[in-house]
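**Student:** Just dropping this structure here.
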Amino acid sequence: MANRHKSNKFFTICRTRQVVFLWPVRKRQTASSTFFLVIIILVQNEASSQYIKRIEGGMDVKAYKLLAVNIDGAIFGKDSKISRRTKEAINYLKYKGITVVLTTSQPFSRAQKAAKALKLDGMVIAHGGALVADTDRNEWFNRQLEMDTTLDFCHILERFDCDARLLYGDHAVATRPLQKQNLLARMSFSSPGEQLMYPTTYVDSLYEQVLKEGSGPLNISVKCENSTDLDHICEVLQKEIQSIEMSRINRKECVFVGAGAGKARALQWLTKQRGMEMEDVVAIGIGEEDIDMIEMAGLGVAMGNASGKIKEKASWVTRNVDQDGFAFMVHELFRKQLRLQVD
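According to my numbering, the sequence shown is numbered sequentially starting from 241.
The structure is reproduced here in structure tokens:
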């Protein structure tokens, strides 16, 4: 297969059907010069083709103003720690004047802990998009599930053998076999600093507990050991309850939020509040719950450890989290962008 070569003032590009090779071109080359080969593997879809054309055409790279990132798999590694390079990348974004938004389907406290470790004062999209708040927990957007919807949800779940958790703002409620009622469970994320505590009360009946709570949760997590069983449960729930929206975290877990919530909608709302357009946004995703977010953004990025479906939708696939893919992407994208004016 013949390769096509093209150059501009920034890059020399060698393009094949599946791989694009980019390396810096310098006007003066000496024996002491050091050159680094950068290989970007892109899925050949419409979005990635447009991204390639923009580079090949020598066009100015757009000045992005906001970066939204799923902390679960992009910021936190497999050991639930944040690498030094990731912290440096966040500092680099702050220097460039870029607004950073941390997103997660987990409770707000997880993102708050990450923000503290990163020394980041900014906005958080938590509970799968049902909550938007600043790092001091001043709420901007709250879309908890309706009480009746939650009760119907719990009633349906009684038919199935699955692990369900109702995530409220500062605690969770769950049912699990062989667990004592009112047990305080510890969700430890081992991020820098002291352990993050998020209390979970285990009960015999979620339905009865919701009546005691007096309100619906922000989101609901459902897990199954068998992905086929989870598919069936999700299908039944979506068919019988119209006022919920489902997003898949992985093969064995999905998250439900109320109608009008979701990461993409929350990000769109926040962007508008900041006087920006979605074209000004870079979104970095991991799981299928991030697909809408990266499709709506000006530039959608998938981590190397992301699911196959999100890689297909992304314009850029970076390295995986253990290879500091977040930091690599940040420096490659923003190094040529001028510093924005910070109010």
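The beta-carbon is built from N, C-alpha and C at its ideal position, and this holds for glycine as well. Computed from a prediction, not measured in an experiment: that's the story for all the values here.
Would you decide whether residue 335 is buried or exposed? Buried here means 16 or more other CB atoms lie within 10 Å of its CB.
**Tutor:** Here residue 335 corresponds to residue number 95 of the sequence shown, with the count starting at 1. So residue 335 ends up on the exposed side.
**Student:** Let me confirm a value: residue 312 is counted as buried when at least 16 other C-beta atoms fall within 10 Å, else exposed. Which label applies?
**Tutor:** Against the sequence shown, residue 312 aligns to sequence position 72. With 16 or more Cβ atoms within 10 Å of its Cβ, residue 312 is classed as buried.
**Student:** For residue 384, collect the residues of the same chain with a Cβ closer than 7 Å to its Cβ; drop the 5 residues on either side in sequence, then sort them by chain order.
**Tutor:** As a first step, residue 384 is located in the sequence shown; it is residue number 144 there, counting from the start. Within the same chain, residue 384 has close Cβ partners 370, 455, 456, 457, 458 and 498.
**Student:** Where does the unbroken beta strand (DSSP E) through residue 520 begin, and where does it stop?
**Tutor:** The residue labelled residue 520 in the question sits at position 280 within the sequence shown. From DSSP, residue 520 is part of no beta strand (DSSP E); its letter is neither H nor E.
**Student:** Can you give me the Cβ contacts of residue 500 inside the same chain, cut-off strictly under 6 Å, excluding the 5 residues immediately before and after it?
**Tutor:** Within the sequence shown, residue 500 is the residue found at index 260, counting from 1. Correct list, in chain order: 383.
**Student:** If we count the other Cβ atoms within 10 Å of its Cβ and call it buried at 16 or more, is residue 530 buried or exposed?
**Tutor:** Translated into positions along the sequence shown, residue 530 becomes position 290. The residue in question, residue 530, is buried, as its Cβ has 16 or more Cβ neighbours within 10 Å.
**Student:** Can the beta-carbon of residue 544 be found less than 7 Å from the beta-carbon of residue 554?
**Tutor:** The count along the sequence shown starts at 1 and reaches residue 544 at position 304. The count along the sequence shown starts at 1 and reaches residue 554 at position 314. No; because the gap between Cβ atoms is not below 7 Å, this pair is not in contact.
**Student:** Could you spell out the range, first to last residue, of the alpha helix (DSSP H) harbouring residue 475?
**Tutor:** Taking the first residue of the sequence shown as 1, we reach residue 475 at position 235. Counting along the chain, the alpha helix (DSSP H) containing residue 475 begins and ends at 467 to 480.
**Student:** Is it true that the stretch 323 to 341 meets the stretch 352 to 363, where meeting means three or more beta-carbon pairs spaced less than 8 Å apart?
**Tutor:** Yes: at least three Cβ pairs fall under 8 Å.
**Student:** Suppose you measure from the CA of residue 339 to the CA of residue 352; what does that come to, to the nearest Å?
**Tutor:** For the purposes of this step, residue 339 is taken as the residue at position 99 of the sequence shown. For the purposes of this step, residue 352 is taken as the residue at position 112 of the sequence shown. The straight-line gap from Cα to Cα measures roughly 16 Å.
**Student:** Following the continuous beta strand (DSSP E) through residue 378, name the residue where it begins and the one where it ends.
**Tutor:** As a working mapping, residue 378 is identified with position 138 in the sequence shown. No beta strand (DSSP E) holds residue 378; DSSP gives it neither H nor E.
**Student:** Are the Cβ atoms of residue 442 and residue 394 separated by less than 7 Å?
**Tutor:** Here residue 442 refers to the residue found at position 202 of the sequence shown. Here residue 394 refers to the residue found at position 154 of the sequence shown. Taking 7 Å as the Cβ cut-off, residue 442 and residue 394 do not qualify as a contacting pair.
**Student:** Can you round the beta-carbon distance between residue 438 and residue 412 to whole angstroms, since I take them to be within the 8 Å contact cut?
**Tutor:** Within the sequence shown, the letter at position 198 stands for residue 438. Within the sequence shown, the letter at position 172 stands for residue 412. So it is a contact: roughly 7 Å between Cβ atoms.
**Student:** Under 6 Å Cβ to Cβ from residue 488, same chain only, skipping five residues before and after it: list those, please.
**Tutor:** Here residue 488 corresponds to residue number 248 of the sequence shown, with the count starting at 1. The answer, listed in chain order, is 494 and 528.
**Student:** Please classify residue 483: is it buried, with 16 or more other beta-carbons within 10 angstroms of its beta-carbon, or exposed?
**Tutor:** The count along the sequence shown starts at 1 and reaches residue 483 at position 243. So residue 483 counts as exposed.
**Student:** What are the boundary residues of the alpha helix (DSSP H) that includes residue 443?
**Tutor:** For this step, residue 443 is matched to residue 203 along the sequence shown. Segment: none, residue 443 is in no alpha helix (DSSP H) and carries neither H nor E.
**Student:** Starting from the C-beta of residue 523, find all residues in its chain whose C-beta is less than 6 Å away, skip the five residues before and the five after it, and write them out in chain order.
**Tutor:** The sequence position of residue 523 within the sequence shown is 283, counting from 1. For residue 523, where only same-chain residues beyond five positions count, the Cβ hits under 6 Å are 308, 533, 534, 537 and 540.
**Student:** For residue 536, does the three-state DSSP call read helix, strand or coil?
**Tutor:** Taking the sequence shown and counting its residues from 1, the one referred to as residue 536 is at position 296. Of the three classes helix, strand and coil, the one that applies to residue 536 here is helix, per DSSP.
**Student:** Take residue 192 and list the residues in its own chain whose beta-carbon comes closer than 7 Å to its own, dropping the five residues that flank it on each side.
**Tutor:** Residue 192 cannot be examined here, being either before or after the span of the chain that is shown, 241 to 583.
**Student:** Could you tell me whether the Cβ atoms of residue 557 and residue 567 are closer together than 7 Å?
**Tutor:** Within the sequence shown, the letter at position 317 stands for residue 557. Within the sequence shown, the letter at position 327 stands for residue 567. Not closer than 7 Å, so no.
**Student:** On a Cα-Cα basis, can you pick out the residue from 347, 453, 332 and 520 that is closest to residue 375?
**Tutor:** In the sequence shown, residue 375 corresponds to position 135, counting from 1. The shortest C-alpha separation from residue 375 is found at 347.
**Student:** Can you tell me which residues form a DSSP beta bridge with residue 494?
**Tutor:** By one-based count along the sequence shown, residue 494 stands at place 254. Answer by DSSP bridge pairing, in chain order: 462 and 488.
**Student:** Could you tell me which whole beta strand (DSSP E) segments of length 3 or greater appear in the stretch 347 to 413?
**Tutor:** You should have 363 to 366, 371 to 374, 379 to 382 and 403 to 407.
**Student:** Suppose you measure from the CA of residue 362 to the CA of residue 560; what does that come to, to the nearest Å?
**Tutor:** In the sequence shown, the residue the question calls residue 362 occupies position 122. In the sequence shown, the residue the question calls residue 560 occupies position 320. When rounded, the distance between both Cα atoms is 25 Å.
**Student:** For residue 560, which of helix, strand or coil comes out of DSSP?
**Tutor:** Mapped onto the sequence shown, residue 560 falls at position 320. In the structure shown, residue 560 sits in coil (DSSP, three-state: anything other than H, G, I, E or B).
**Student:** Check whether the Cβ atoms of residue 506 and residue 365 sit closer than 7 Å, and answer yes or no.
**Tutor:** For the purposes of this step, residue 506 is taken as the residue at position 266 of the sequence shown. For the purposes of this step, residue 365 is taken as the residue at position 125 of the sequence shown. Yes, the pair counts as a contact, with Cβ atoms nearer than the cut-off.
**Student:** Starting from residue 306, follow the alpha helix (DSSP H) in both directions and report where the run begins and ends.
**Tutor:** Counted from its first residue, the sequence shown places residue 306 at position 66. Element bounds for residue 306: not the alpha helix (DSSP H) but the beta strand (DSSP E), 306 to 310.
**Student:** Report back the beta-carbon spacing between residue 332 and residue 571 to the nearest angstrom; my notes put them in contact at under 8 Å.
**Tutor:** Indexing the sequence shown from 1 puts residue 332 at position 92. Indexing the sequence shown from 1 puts residue 571 at position 331. 7 Å between Cβ atoms; contact.
**Student:** Where does residue 344 sit, in a helix, a strand or coil, going by DSSP?
**Tutor:** As a working mapping, residue 344 is identified with position 104 in the sequence shown. Three-state DSSP puts residue 344 in coil, outside helix and strand.
**Student:** Here's the rule: buried if 16 or more other CB atoms are within 10 angstroms of the residue's CB, otherwise exposed. What is residue 466?
**Tutor:** For this step, residue 466 is matched to residue 226 along the sequence shown. The residue is exposed, with fewer than 16 neighbouring Cβ atoms inside 10 Å.
**Student:** Quick one: give me the first and last residue of the alpha helix (DSSP H) that residue 331 is part of.
**Tutor:** Along the sequence shown, read from residue 1 onward, the residue named residue 331 stands at position 91. Its alpha helix (DSSP H) spans residues 324 to 336.
**Student:** DSSP state of residue 314, grouped into three classes?
**Tutor:** The sequence position of residue 314 within the sequence shown is 74, counting from 1. Helix.
**Student:** Let me make sure I understand the geometry here. Which of 547, 520 and 550 has the alpha-carbon closest to that of residue 574?
**Tutor:** Position 334 of the sequence shown, counted from the start, is the residue given in the question as residue 574. The shortest C-alpha separation from residue 574 is found at 520.
**Student:** Please report the straight-line C-alpha distance between residue 509 and residue 449, rounded to a whole angstrom.
**Tutor:** If you number the sequence shown from 1, residue 509 lands on position 269. If you number the sequence shown from 1, residue 449 lands on position 209. Computed Cα separation, rounded: 32 Å.
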